[in-house]
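Enquirer: Residue numbers (the working numbering): 3 to 105.
Quick reminder that beta carbons are idealized off the backbone N, C-alpha and C, glycines included.
Got a structure for you, written out below as structure tokens; questions coming shortly.
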């Protein structure tokens, strides 16, 4: 399947056609996020893992949910796309999805 990379910074985004639509590959963003998590927030990650490791009956709530929520408040989950790359990404998605002239 053909793949294009319309966004090459600050994080690459590749677009690939799938049988039911498209897939966006955000590997570079995920890489940066993982590095940040394990270097800048290692204690928070360790606390989450410790909560998950404790044996307790499931009561409908994840014990680590609040810890995850706090961690997400500290890291960016936004994937920036700038300038002309916005249009290139939209065009690549339309093309891969087989949509012509849709706005």
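(1) By the three-class DSSP mapping on this structure, what secondary structure does residue 77 have?
(2) Can you name the residues that DSSP bridges to residue 91?
(3) How long is the line joining the alpha carbons of residue 87 and residue 8, rounded to whole angstroms?
(4) Measure the beta-carbon distance from residue 39 to residue 77 and round it to whole angstroms, keeping in mind my assumption that it falls under 8 angstroms.
(5) Where does residue 58 sit, in a helix, a strand or coil, going by DSSP?
(6) Taking the straight line between their C-alpha atoms, what separation do you get for residue 59 and residue 14?
(7) For my contact list, residue 98 and residue 24 are in at a C-beta cut-off of 8 angstroms; report their separation, rounded to the angstrom.
Expert: By the coordinates alone:
(1) coil
(2) Note: residue 91 sits in no beta bridge, so no partner.
(3) C-alpha separation (whole angstroms): 6 angstroms.
(4) That pair is a contact at about 7 angstroms.
(5) coil
(6) Separation of residue 59 and residue 14 (C-alpha to C-alpha, rounded to the nearest whole angstrom) is 42 angstroms.
(7) 4 angstroms
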